[in-house]
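Numbering of the sequence shown is given in this note's numbering, commencing with residue 290 and proceeding in unit increments. Backbone N, C-alpha and C fix where the C-beta goes; we use that ideal spot for every residue, glycine too. Here is the structure we will look at, set down as structure tokens.
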Amino acid sequence: MKPSTPCIDICKIDPASRLCTGCLRSIDEIAGWGRMTEAERLAIMAELPARRPAD
Numbered sequence: 290m291k292p293s294t295p296c297i298d299i300c301k302i303d304p305a306s307r308l309c310t311g312c313l314r315s316i317d318e319i320a321g322w323g324r325m326t327e328a329e330r331l332a333i334m335a336e337l338p339a340r341r342p343a344d
């Protein structure tokens, strides 16, 4: 089964926040995603909405 992922295939790291502008994950989170448990991935995915910059 493919792991859950917030990836939307827009992979660009913002230099200021050091987060991907597409999925809002850090480089470390992206790199370790495949080794994380489903619970770890879900915990990160729950944090992502708060990482979205205010308009």
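- DSSP, reduced to helix, strand and coil, places Ile302 within a strand of the structure shown.
- The residue from Arg314, Ile297 and Arg307 with its alpha-carbon nearest to that of Ala332 is Arg314.
- In the DSSP assignment, Gly321 falls within the alpha helix (DSSP H) that extends over Ile316 to Gly321.
- Residue Pro295 holds the alpha-carbon nearest to the alpha-carbon of Glu318 among Pro295, Ala305, Ala343 and Asp344.
- Distance between Asp344 and Asp303, taken at the CA atoms: about 16 Å.
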